[in-house]
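K.L.:
Take this structure, written in C-alpha cells, and hold onto it; I'll ask about it next.
Residue numbers (my numbering): 5 to 542.
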C-alpha cells in the first residue's frame with residue numbers, strides 16, 4: 005500500500021479518536037512521510053516511539069496490532085492462554101490507556117491477563133510474570149525518553165525481555181497483520197487485577213539482598229523524576245530505617261516531567277537543583293531513578309561537592325561491595341556468574357575474576373543478561389548483572405533491570421561506608437588502586453528522522469568497510485558482530501559466539517577499545533571509548 009493510501013485509510017477510519025483525527029488533518033507531506041513511511045518496529049527493548057497518528061507512531065492502533073501479533077504467537081504455545089500475561093505501565097501520557105488496550109486485545113483472544121490497576125516500576129511487571137507463572141508480560145514505558153515518547157516492552161515466561169529468536173517470531177506474527185482497524189479489543193472477565201501480595205512478595209525478595217547490618221545513619225536524598233519510583237521506594241526505605249529525604253520538585257507523578265529538564269538520570273541536566281538541596285539537608289548520597297524505576301543514578305558528596313557517578317563507576321562500586329562483603333561474611337558462593345555487556349567497563353569483569361567468579365560480557369540489551377540468568381539457573385549462583393547505562397540487577401528473582409534493588413543496595417553501601425568514614429569516591433579509588441585505573445566515555449551522535457536513520461546506517465557501512473584508525477595507535481583486532489567474526493591484521497578471523505548485531509568493536513594497543521553501535525531505542529549512534537592504565541597519571 006502506498007504512503008498516501010495508508011494516510012487516507014487512517015483519515016477515513018470511522019473509529020479514529022478525535023485527537024488523532026485532528027493530527028491527521030493537519031499533516032503536510034513531510035509529516036505524512038514521518039508518520040507512514042514504515043511500521044513501528046522492535047528494537048533492543050521492544051517498541052518505542054513518539055506518540056501520535058500513523059503506522060510509525062505509538063497509538064492505540066499500533067498497540068492493538070502489536071498485541072494481536074503477540075497473542076497469535078502465544079496461542080501457538082500449549083497452555084499459554086491459561087497461564088496468561090502480566091501487564092504494567094508507567095507515568096507517561098497514554099500509558100494506562102495503552103496497557104488497557106493491550107489487556108483487552110489479549111482477553112478477546114481468550115488469554116488471561118493480570119493487570120496492575122496503578123502505575124508501578126518496570127521490575128514489578130517482570131516479577132509479576134514469575135509470581136503468577138505467566139506465559140509472558142507487557143510493560144508500557146519509554147523509560148528515560150522525552151515526554152513525547154512511549155513504549156511497549158515484552159517479556160517471556162521467565163520474566164526476561166524476549167530473546168532474539170522469540171522477538172523474531174513475534175515480529176513475524178505482527179507483520180502478518182496489515183489491517184490496523186479490524187482488531188477486536190473488548191472488556192472481559194479474563195482481565196484480573198494484580199493483587200497487593202505481589203508487591204509485598206517482591207519487597208520481601210528485595211530485603212534479602214541486604215548483606216550488612218549498618219547504623220543506617222547516611223543521609224539519603226531521593227528523586228523518582230516524576231515517575232513510578234514514588235509509588236514504592238520512599239515508604240519502603242523508611243520502613244527499613246533509612247534516613248530518607250525526598251526531592252519535592254520531582255515527587256509528584258507527572259507525564260510532562262514539569263520540574264525536570266530531562267528524564268534521563270545519566271544526564272547532568274536531570275540533577276538540576278538537587279545538589280543545592282542536598283547540601284541544605286546534609287545528604288551523603290543522592291539517588292535518582294528514571295521514570296519507570298529500572299535504573300538509578302548516583303551522586304556522592306565528597307570533599308564538599310557532589311560528584312555524579314557514571315554507570316560504569318556505580319556498577320564497579322556495587323559488584324565490588326557485593327562480592328567482597330559476601331566473602332567477608334562467608335556467604336560468597338564459588339563459581340558464580342557476573343554479567344556485563346560488550347560496551348561496559350572491563351573493570352566489572354576484572355572484579356568478578358578477582359573474586360574467582362565467572363565473568364561474561366553479553367550483547368547490549370538486558371534481555372541477554374536475563375537469558376543467561378535463566379541458562380545458569382540451578383547450576384551457578386547469579387551474582388550480579390549490569391550495563392554501562394546505569395541499569396543492573398543484584399538478585400535474579402527479577403529478570404530485568406531493577407532500580408528498587410539498586411536504590412536499596414546503594415543505601416546500604418552509603419551507610420556501610422559512612423560507618424567506616426569513607427565515601428563512594430574513596431571506595432572507588434581503593435578499587436582502582438587494587439585493580440587498575442579504567443576510564444570510559446560515551447558520545448551520542450543524535451540523528452533524527454528518516455534522514456538521520458539513513459545517515460547512521462551509512463556511517464556503520466563506511467566504518468565496516470574502512471576499519472577505524474586512531475592516530476599513533478596500532479589496531480590489534482576488531483569485532484564485527486553483524487558478521488559474528490573477529491578480524492586480525494594478518495587477515496585471519498575467529499568466530500564470535502554471540503547473536504548477530506549491528507555493532508563494531510575495535511581493540512588497540514595500550515588497553516584501548518572503541519565501539520560503534522546504533523541505539524535500538526533512540527535516534528542515536530552511540531560511540532563508546534575505554535582505556536585502562538596501571539596508574540592514574542597515565
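Don't be surprised by glycine CBs; every beta carbon is placed ideally from N, CA and C.
Quick one, are the C-beta atoms of residue 94 and residue 309 less than 7 angstroms apart?
P.N.:
Indexing the chain shown from 1 puts residue 94 at position 90. Indexing the chain shown from 1 puts residue 309 at position 305. Not closer than 7 angstroms, so no.
K.L.:
Roughly how many angstroms separate the alpha carbons of residue 494 and residue 368, rounded to a whole number?
P.N.:
Taking the first residue of the chain shown as position 1, residue 494 is located at position 490. Taking the first residue of the chain shown as position 1, residue 368 is located at position 364. Taking the straight line from one Cα to the other gives about 29 angstroms.
K.L.:
Between residue 497 and the rest of its own chain, which residues show a CB-CB distance below 8 angstroms, the 5 nearest in sequence each way excluded?
P.N.:
The residue given as residue 497 occupies position 493 in the chain shown. Same-chain partners within the cutoff: 489, 490, 491.
K.L.:
Hey, could you find the ends of the alpha helix (DSSP H) residue 11 is sitting in?
P.N.:
Counted from its first residue, the chain shown places residue 11 at position 7. Counting along the chain, the alpha helix (DSSP H) containing residue 11 begins and ends at 7 to 16.
K.L.:
When you compare the CB positions of residue 142 and residue 168, do they come within less than 7 angstroms of one another, or not?
P.N.:
Start at 1 with the first residue of the chain shown, and residue 142 comes out as number 138. Start at 1 with the first residue of the chain shown, and residue 168 comes out as number 164. For residue 142 and residue 168, no; Cβs fall outside 7 angstroms.
K.L.:
From residue 225 to residue 251, what distance separates their C-alpha atoms?
P.N.:
For the purposes of this step, residue 225 is identified with residue 221 of the chain shown, where counting begins at 1. For the purposes of this step, residue 251 is identified with residue 247 of the chain shown, where counting begins at 1. The alpha-carbon atoms of residue 225 and residue 251 are separated by roughly 7 angstroms.
K.L.:
Counting pairs of Cβ atoms below 8 angstroms between the region 386 to 395 and the region 253 to 263, do you hit three or more?
P.N.:
Short answer: they don't touch.
K.L.:
Could you check whether residue 92 and residue 124 sit closer than 7 angstroms to each other, using their CB atoms as the reference points?
P.N.:
Residue numbering aside, residue 124 sits at position 120 when the chain shown is read from its first letter. Residue numbering aside, residue 92 sits at position 88 when the chain shown is read from its first letter. For residue 124 and residue 92, yes; Cβs fall inside 7 angstroms.
K.L.:
Output the boundary residues of the alpha helix (DSSP H) element that contains residue 497.
P.N.:
Taking the first residue of the chain shown as position 1, residue 497 is located at position 493. Residue 497 -> not in any alpha helix (DSSP H); beta strand (DSSP E) instead, spanning 497 to 499.
K.L.:
Count the other CB atoms within 10 Å of the CB of residue 203; is the residue buried (16 or more) or exposed (fewer)?
P.N.:
Within the chain shown, numbered from 1, the residue matching residue 203 stands at position 199. It is buried - the Cβ of residue 203 has at least 16 other Cβ atoms within 10 Å.
K.L.:
Does DSSP classify residue 355 as helix, strand or coil?
P.N.:
For the purposes of this step, residue 355 is taken as the residue at position 351 of the chain shown. DSSP places residue 355 in helix when its eight states are reduced to three.
K.L.:
Using C-beta distances below 7 angstroms, list every residue in its chain close to residue 530, excluding the 5 sequence neighbours before and after it, in chain order.
P.N.:
In the chain shown, residue 530 corresponds to position 526, counting from 1. The answer, listed in chain order, is 446, 448, 521, 523.
K.L.:
So the candidates are 105, 65, 234, 218; which of them puts its Cα closest to the Cα of residue 181?
P.N.:
The count along the chain shown starts at 1 and reaches residue 181 at position 177. Minimum Cα distance to residue 181 is reached at 65.
K.L.:
Using the Cβ count rule (16 or more neighbours within 10 Å means buried), how would you classify residue 81?
P.N.:
For the purposes of this step, residue 81 is taken as the residue at position 77 of the chain shown. Under this definition residue 81 is an exposed residue.
K.L.:
Check residue 254 in the structure and name its three-state DSSP category.
P.N.:
Here residue 254 corresponds to residue number 250 of the chain shown, with the count starting at 1. Residue 254 falls in the helix class under three-state DSSP.
K.L.:
For the alpha helix (DSSP H) containing residue 134, name the first residue and the last one.
P.N.:
For the purposes of this step, residue 134 is identified with residue 130 of the chain shown, where counting begins at 1. From DSSP, the alpha helix (DSSP H) with residue 134 extends over 126 to 135.
K.L.:
Under the three-state reduction of DSSP, which class applies to residue 522: helix, strand or coil?
P.N.:
By one-based count along the chain shown, residue 522 stands at place 518. In this structure, residue 522 counts as strand in the three-state DSSP scheme.
K.L.:
Would you be able to state if there are at least three C-beta pairs under 8 angstroms between the region 328 to 346 and the region 181 to 196?
P.N.:
As far as the Cβ criterion goes, the region 181 to 196 does not touch the region 328 to 346, which means the pair count is below three.
K.L.:
Could you tell me which residues DSSP puts in a beta bridge with residue 483?
P.N.:
Indexing the chain shown from 1 puts residue 483 at position 479. Answer is 490, 509, bridged to residue 483.
K.L.:
Taking C-alpha atoms, which residue in 24, 454, 190, 471 lies nearest to residue 42?
P.N.:
Counted from its first residue, the chain shown places residue 42 at position 38. The shortest C-alpha separation from residue 42 is found at 454.
K.L.:
Is residue 5 buried or exposed, if buried means 16 or more other CB atoms sit within 10 Å of its CB?
P.N.:
Within the chain shown, residue 5 is the residue found at index 1, counting from 1. So residue 5 counts as exposed.
K.L.:
In or out: residue 148 buried (at least 16 other Cβ within 10 Å) or exposed?
P.N.:
Your numbering for residue 148 matches position 144 in the chain shown. The residue is buried, with at least 16 neighbouring Cβ atoms inside 10 Å.
K.L.:
Looking only at its own chain, which residues have a Cβ that is under 7 angstroms from the Cβ of residue 2, when we skip the five neighbours before and after it?
P.N.:
What the structure shows of the chain is the stretch from 5 to 542, and residue 2 is not part of that stretch, so it cannot be assessed.
K.L.:
Closest to residue 39 by C-alpha separation, out of 334, 50, 8, 400, would be which residue?
P.N.:
Indexing the chain shown from 1 puts residue 39 at position 35. Closest option to residue 39, Cα to Cα, is 8.
K.L.:
If you draw a straight line from the C-alpha of residue 109 to the C-alpha of residue 234, how long is it?
P.N.:
Counted from its first residue, the chain shown places residue 109 at position 105. Counted from its first residue, the chain shown places residue 234 at position 230. Looking at the two C-alpha atoms, the distance is approximately 30 angstroms.
K.L.:
Going by the CB atoms, is the gap between residue 144 and residue 99 shorter than 7 angstroms?
P.N.:
Mapped onto the chain shown, residue 99 falls at position 95. Mapped onto the chain shown, residue 144 falls at position 140. Yes.
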